[in-house]
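Have a look at the structure below, then the notes.
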Amino acid sequence: MAVRTETAVPSWREGRVTGWLTTVDHKRIGILYIVTSFVFFFASGLMAVLMRAQLSQAGNEIVTEDSYNQLLTIHGTAMIFLFVVPILAGFGNYLVPLMIGARDMAFPRLNAASYWLFLLGGLVIFSSFFADSGAANSGWTAYTPLSTDEFSPGTGQDLWILGLHLTSLSSLAGAINFIVTIHNMRTPGMTWMRIPLFVWAIEAYAVLLVLVLPTISAAVTLLLLDRQVGTEFFAVENGGPVLWQHMFWFFGHPEVYIMVLPAMGMLSEVIPVFARKPIFGYKAIAFSTIGIAFASMLVWAHHMFTVGLPDYLQAWFMITSFSVAVPTAIKIFNWLATLWRGHLWFRAPLLFCLGFIALFTMGGLSGIMLATYPVDYQAHDSYYVVAHFHYVLFGGTVFGIFAGTYYWFPKMTGRMYDERLAVTHFWLMFIGFNAAFLPQHMLGLMGMQRRIYTYDRGGLFEWYNLVSSLGSFLMALAILVFVWNMAKSWRSGTRVGNDPWGADTLEWYATSPPAPHNFDRVPYVSSSRPVRDLRQRLRENGS
Amino acid sequence: MGRRTVVVIVAAVAALGLAAVPILLALAAPADLGGLAPAGDGSPSGEAINELYWFVFGICAVVFVLVEATLVLFVLRFRRRPETAAETEGPQIHGNTRLEIIWTIIPAVILVVIAVVVLARSPAVEATDGDRSNELVVRVEGHQFYWRYVYPDGEIALDTLVLPVGRPVRLEITSYDVNHSWWVPDLTGKRDAIAGQVNDLRLTPRREGSFDGGCAELCGILHAVMPTTVEVVSEEEFGDRLGALGGQDESGDSQLALGEATWEASCAKCHGPEGAGDIGPPVARLGTLVDEEALRELVTEGLDNPDVEGYMPPVGRGWPDFQLQALIEYIRSNEALAPPEGDGGGR
Ligand code: HEM
Ligand SMILES: [Cu+2]
Numbered sequence: 036m037a038v039r040t041e042t043a044v045p046s047w048r049e050g051r052v053t054g055w056l057t058t059v060d061h062k063r064i065g066i067l068y069i070v071t072s073f074v075f076f077f078a079s080g081l082m083a084v085l086m087r088a089q090l091s092q093a094g095n096e097i098v099t100e101d102s103y104n105q106l107l108t109i110h111g112t113a114m115i116f117l118f119v120v121p122i123l124a125g126f127g128n129y130l131v132p133l134m135i136g137a138r139d140m141a142f143p144r145l146n147a148a149s150y151w152l153f154l155l156g157g158l159v160i161f162s163s164f165f166a167d168s169g170a171a172n173s174g175w176t177a178y179t180p181l182s183t184d185e186f187s188p189g190t191g192q193d194l195w196i197l198g199l200h201l202t203s204l205s206s207l208a209g210a211i212n213f214i215v216t217i218h219n220m221r222t223p224g225m226t227w228m229r230i231p232l233f234v235w236a237i238e239a240y241a242v243l244l245v246l247v248l249p250t251i252s253a254a255v256t257l258l259l260l261d262r263q264v265g266t267e268f269f270a271v272e273n274g275g276p277v278l279w280q281h282m283f284w285f286f287g288h289p290e291v292y293i294m295v296l297p298a299m300g301m302l303s304e305v306i307p308v309f310a311r312k313p314i315f316g317y318k319a320i321a322f323s324t325i326g327i328a329f330a331s332m333l334v335w336a337h338h339m340f341t342v343g344l345p346d347y348l349q350a351w352f353m354i355t356s357f358s359v360a361v362p363t364a365i366k367i368f369n370w371l372a373t374l375w376r377g378h379l380w381f382r383a384p385l386l387f388c389l390g391f392i393a394l395f396t397m398g399g400l401s402g403i404m405l406a407t408y409p410v411d412y413q414a415h416d417s418y419y420v421v422a423h424f425h426y427v428l429f430g431g432t433v434f435g436i437f438a439g440t441y442y443w444f445p446k447m448t449g450r451m452y453d454e455r456l457a458v459t460h461f462w463l464m465f466i467g468f469n470a471a472f473l474p475q476h477m478l479g480l481m482g483m484q485r486r487i488y489t490y491d492r493g494g495l496f497e498w499y500n501l502v503s504s505l506g507s508f509l510m511a512l513a514i515l516v517f518v519w520n521m522a523k524s525w526r527s528g529t530r531v532g533n534d535p536w537g538a539d540t541l542e543w544y545a546t547s548p549p550a551p552h553n554f555d556r557v558p559y560v561s562s563s564r565p566v567r568d569l570r571q572r573l574r575e576n577g578s
Numbered sequence: 002m003g004r005r006t007v008v009v010i011v012a013a014v015a016a017l018g019l020a021a022v023p024i025l026l027a028l029a030a031p032a033d034l035g036g037l038a039p040a041g042d043g044s045p046s047g048e049a050i051n052e053l054y055w056f057v058f059g060i061c062a063v064v065f066v067l068v069e070a071t072l073v074l075f076v077l078r079f080r081r082r083p084e085t086a087a088e089t090e091g092p093q094i095h096g097n098t099r100l101e102i103i104w105t106i107i108p109a110v111i112l113v114v115i116a117v118v119v120l121a122r123s124p125a126v127e128a129t130d131g132d133r134s135n136e137l138v139v140r141v142e143g144h145q146f147y148w149r150y151v152y153p154d155g156e157i158a159l160d161t162l163v164l165p166v167g168r169p170v171r172l173e174i175t176s177y178d179v180n181h182s183w184w185v186p187d188l189t190g191k192r193d194a195i196a197g198q199v200n201d202l203r204l205t206p207r208r209e210g211s212f213d214g215g216c217a218e219l220c221g222i223l224h225a226v227m228p229t230t231v232e233v234v235s236e237e238e239f240g241d242r243l244g245a246l247g248g249q250d251e252s253g254d255s256q257l258a259l260g261e262a263t264w265e266a267s268c269a270k271c272h273g274p275e276g277a278g279d280i281g282p283p284v285a286r287l288g289t290l291v292d293e294e295a296l297r298e299l300v301t302e303g304l305d306n307p308d309v310e311g312y313m314p315p316v317g318r319g320w321p322d323f324q325l326q327a328l329i330e331y332i333r334s335n336e337a338l339a340p341p342e343g344d345g346g347g348r
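Here the protein sequences line up with chains A and B, keeping their order. Counting from 36, one number per residue, gives the positions in the first sequence under my numbering. Counting from 2, one number per residue, gives the positions in the second sequence under my numbering.
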């Protein structure tokens, strides 16, 4: 693949700004994705802090009941569709071609189109606050009948549908691009059992997206028709309210794994490097990735244990949900085994990985509790669930994303981030996170429903809420430290060479940042750790 | 202070912190459980849920402590020592099939055990076991934004449900508008109220008292303030309370009480107790309030004028005529609300 083909680029595409606007380079697109997603993350994080401010004490009146529901809906929607999913696409974009020794993604222009669709979708969703009667306010799950024109008049919900369509199209095109790239563009020697585990994760991410995104696109299209054209797909006499829930969660639950698998892939890259050991059980992790992806499509109705499904379905969905826990546990054990007898190098990327393991374990176990459907009768739609999914999505995925951000920052920018600030970020975030979300388990079991804008109970109940709010403020502080670190280091961090970490995979063979064509030559790949092999060979030849 | 010392201290603090959390929680919550377990022990089915909760919680807690302890231990034990060069690699172990098999099978077996125990306890959780021949059936309707209860002989109660202690109850839960979810945590788990379907929730209240709950499924702007109370009373008192609700369909105190309850539970939440307006516009003294036809149309169809913020949900779907009449009678009797004589009203 080392053939160099030059294409003539018109000069207006090389300007400092136009160069980015017209780029079809996977690395630039990747960075655009990552930066844009972080901006959306800050915006929806701000909304979360506002919600927590409102809930810090009983009977607060910081936001109104209606704005609370809008904040809630856009926070959830944006975190999922405009932050986690696209930022993972960003890392995938940046890293997959480099990791498999390719020059770019299979369809560079489609790739650019994916990014711009995503940006457009994001702008539509955020600007819906300015629509008449405000943004959508029926939660990120948009359950019918609440989201129909009868109970959610106004254009907010329609804009939400439009935004979802745009981001879904973006993700779908991106996913197809990933699949084609991974299947066809691996450098010689890069067999399936040698591709980095992050690439395995992106493969699973992409396949899942292709399998389930059409369902949500179909669902929101039907909803749009019901709202605008007067069809009655979800009317009681026809599909009924529960049809929406099936369609939504058939997409929605795999979506959770779409969000977590690539972050797990990041862990499988980072931990071995900072433990100075190979990953323990490469095959087990690769196959458990596929196992999770498959099983995740069989569990959707565990979000529906209280809608009155027949007993045999309750049992079935409990058992399938349990079955996802097994491959997940395998991953945790494999990471622990990778740490075992290593020489752990405590830099920020490793810290965030350890944070991931600590917190995701918690989220996984509360997931088992929720899958036990009698327990879910109490915990469902309560703050217990809010705590659970923040443990997996924030404690898991977002900690993984920060690990990845610090780990690949030197590759993307050619500069090292500030370690002191990064460690500060980690501890503020770890402490703030637990303060914010641990008490929410208790709140849920004490009877606090999710999605309420106010409550009137005092005592321990109010204390837990206060602690939770203070924790969220601490997290906001942590984010500021992160932003400061990124901004400062991008401009003036110390310069680094190709491989500051002593890493294993091909992206570290390219320069930092890599040249537009990535590699002059790609070394022949004879294991899953080609860059380490190269180091070994050099050392042997040298001695 | 060397890096190593820092790491040790930090890790030790983290470990202690982790260990301290459950202990502190247990200490902080002497009276009730402070949220360590669901509240529901007010009925055998709630109790069955709690037993399962503790069973699964126990297993999860052990796994949690083992994993976190291993993590902390490895972090302490395998940190890179200052004397170790950065390039030094650990042993190049790529895996171990036997270990992999073991740690695949152990969680699988644990989960099978949990599943079997849960399924075995399912009849107790659903309260389908035992003698239910004298079951009391109450219809529960979730409305935007109040609960409407209908007793077997058609008596209507709003937001407050009275149940006799010790008698099996079946709640037939449904909705006429969006999804709601009926949840009184002290009694048992929740069940969704969905239009077009009736979900049964069985329970047998086993101690007297007043238990608060609410709506657990996002149902719109006032989802947070859609509370309900279940008063569990003796069989005798239950008879009295139910008797007092009799005669709602003929003029009299009962009718006025139903009208007042309807106003308080439904209209007042948006239009204010005196109809002076809140998230809905002021409606006091409007002719519509006492015009049976107009009011019926309003409460069954809702209202959404494009130039008025918010919309009025169809709060009265499923009401029998006498409930609407009761509301009108109450409004007529309320000085703040009643329109001046001769205005509207059609009488
Ligand atoms: C900055 C830290 C965060 C804080 C303080 C926070 C806080 C909150 C709060 C207060 C709610 C509303 C709970 C309710 O009223 O029911 C919420 C909901 C939600 N959050 Fe977060 N959150 C944070 C980060 C995240 C992240 C990173 C994700 C996903 C990756 C996320 C996903 C969600 C989702 C999906 C919902 C549910 C929205 C809905 O019910 O429709 N949050 N969060
Ligand atoms: Cu409700």
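The beta-carbon is built from N, C-alpha and C at its ideal position, and this holds for glycine as well. Owing to the predicted nature of the structure, the values given are computational and were not obtained by experimental measurement.
C-beta atoms of residue i and residue j nearer than 9 Å
| i | j | result |
| --- | --- | --- |
| residue 409 (chain A) | residue 50 (chain B) | yes |
| residue 419 (chain A) | residue 192 (chain B) | no |
| residue 123 (chain A) | residue 291 (chain A) | no |
| residue 389 (chain A) | residue 64 (chain B) | no |
| residue 170 (chain B) | residue 138 (chain B) | yes |
| residue 452 (chain A) | residue 528 (chain A) | yes |
| residue 161 (chain B) | residue 231 (chain B) | yes |
| residue 352 (chain A) | residue 335 (chain A) | yes |
| residue 270 (chain B) | residue 309 (chain B) | no |
| residue 110 (chain A) | residue 82 (chain A) | yes |
| residue 164 (chain B) | residue 47 (chain B) | no |
| residue 221 (chain B) | residue 186 (chain B) | no |
| residue 265 (chain B) | residue 159 (chain B) | yes |
Sheet register partners of residue i (DSSP bridge)
| i | result |
| --- | --- |
| residue 313 (chain B) | B:304 |
| residue 147 (chain B) | B:144 |
| residue 200 (chain B) | B:174 |
| residue 212 (chain B) | B:231 |
| residue 530 (chain A) | A:450 |
| residue 379 (chain A) | B:80 |
| residue 181 (chain B) | B:194 |
| residue 137 (chain B) | B:170 |
Buried or exposed by the 16-neighbour rule on C-beta atoms within 10 Å, applied to residue i
| i | result |
| --- | --- |
| residue 318 (chain A) | exposed |
| residue 352 (chain B) | What is shown of chain B runs 2 to 348, which leaves residue 352 (chain B) out entirely. |
| residue 187 (chain A) | buried |
| residue 23 (chain B) | Because the pLDDT of residue 23 (chain B) is 48, which lies under 50, any placement of that residue in the model is unreliable, and the number read from its coordinates should be weighed accordingly. Residue 23 (chain B) is exposed by the Cβ-count criterion. |
| residue 329 (chain B) | buried |
| residue 227 (chain A) | exposed |
| residue 97 (chain B) | exposed |
| residue 153 (chain B) | exposed |
| residue 29 (chain B) | Because the pLDDT of residue 29 (chain B) is 49, which lies under 50, any placement of that residue in the model is unreliable, and the number read from its coordinates should be weighed accordingly. The residue in question, residue 29 (chain B), is exposed, as its Cβ has fewer than 16 Cβ neighbours within 10 Å. |
| residue 565 (chain A) | buried |
| residue 515 (chain A) | exposed |
TODO: Specify whether the stretch 139-153 of chain A and the stretch 163-182 of chain A touch according to this definition: at least 3 beta carbon pairs, one from each stretch, less than 8 Å apart.
DONE: Contact fails: fewer than three Cβ-Cβ distances are below 8 Å.
Open item on the list: Strictly closer than 5 Å from CB to any heavy atom of ligand 2: give me those residues in the order they appear in the chain.
Closed with: Of all residues, those with a beta-carbon under 5 Å from at least one heavy atom of ligand 2 are B:181, B:216, B:220, B:227, reported in chain order.
Open item on the list: With three or more beta-carbon pairs closer than 8 Å as the criterion, would you say the stretch 443-450 of chain A touches the stretch 540-559 of chain A?
Closed with: The answer is yes - the stretch 540-559 of chain A touches the stretch 443-450 of chain A, with three or more Cβ pairs under 8 Å.
TODO: Evaluate contact between the stretch 123-140 of chain A and the stretch 236-247 of chain A, counting only Cβ atoms and requiring at least three cross-stretch pairs below 8 Å.
DONE: The stretch 123-140 of chain A, when compared against the stretch 236-247 of chain A, does touch it at the 8 Å Cβ threshold.
- [ ] Check whether the stretch 247-255 of chain B touches the stretch 199-218 of chain B, taking contact to mean three or more Cβ pairs, one atom from each stretch, closer than 8 Å.
- [x] Between the stretch 247-255 of chain B and the stretch 199-218 of chain B, the count of Cβ pairs shorter than 8 Å is below three; the stretches do not touch.
Open item on the list: Would you call the stretch 280-295 of chain A in contact with the stretch 109-126 of chain A, where contact means no fewer than 3 C-beta pairs closer than 8 Å?
Closed with: Because the criterion of three Cβ pairs below 8 Å is met, the stretch 280-295 of chain A and the stretch 109-126 of chain A touch.
Open item on the list: Pairs of beta-carbons, one from the stretch 363-376 of chain A and one from the stretch 302-319 of chain A, closer than 8 Å: are there three or more?
Closed with: Yes, the stretch 363-376 of chain A touches the stretch 302-319 of chain A.
TODO: Determine contact between the stretch 235-245 of chain B and the stretch 313-329 of chain B, defined as no fewer than three beta-carbon pairs at a distance below 8 Å.
DONE: By the Cβ criterion, the stretch 235-245 of chain B is not in contact with the stretch 313-329 of chain B, since fewer than three pairs of Cβ atoms, one from each stretch, lie closer than 8 Å.
Open item on the list: Between the stretch 505-514 of chain A and the stretch 459-472 of chain A, can you find at least three pairs of beta-carbon atoms closer than 8 Å?
Closed with: Per the Cβ contact rule, the stretch 459-472 of chain A is in contact with the stretch 505-514 of chain A (3 or more Cβ pairs under 8 Å).
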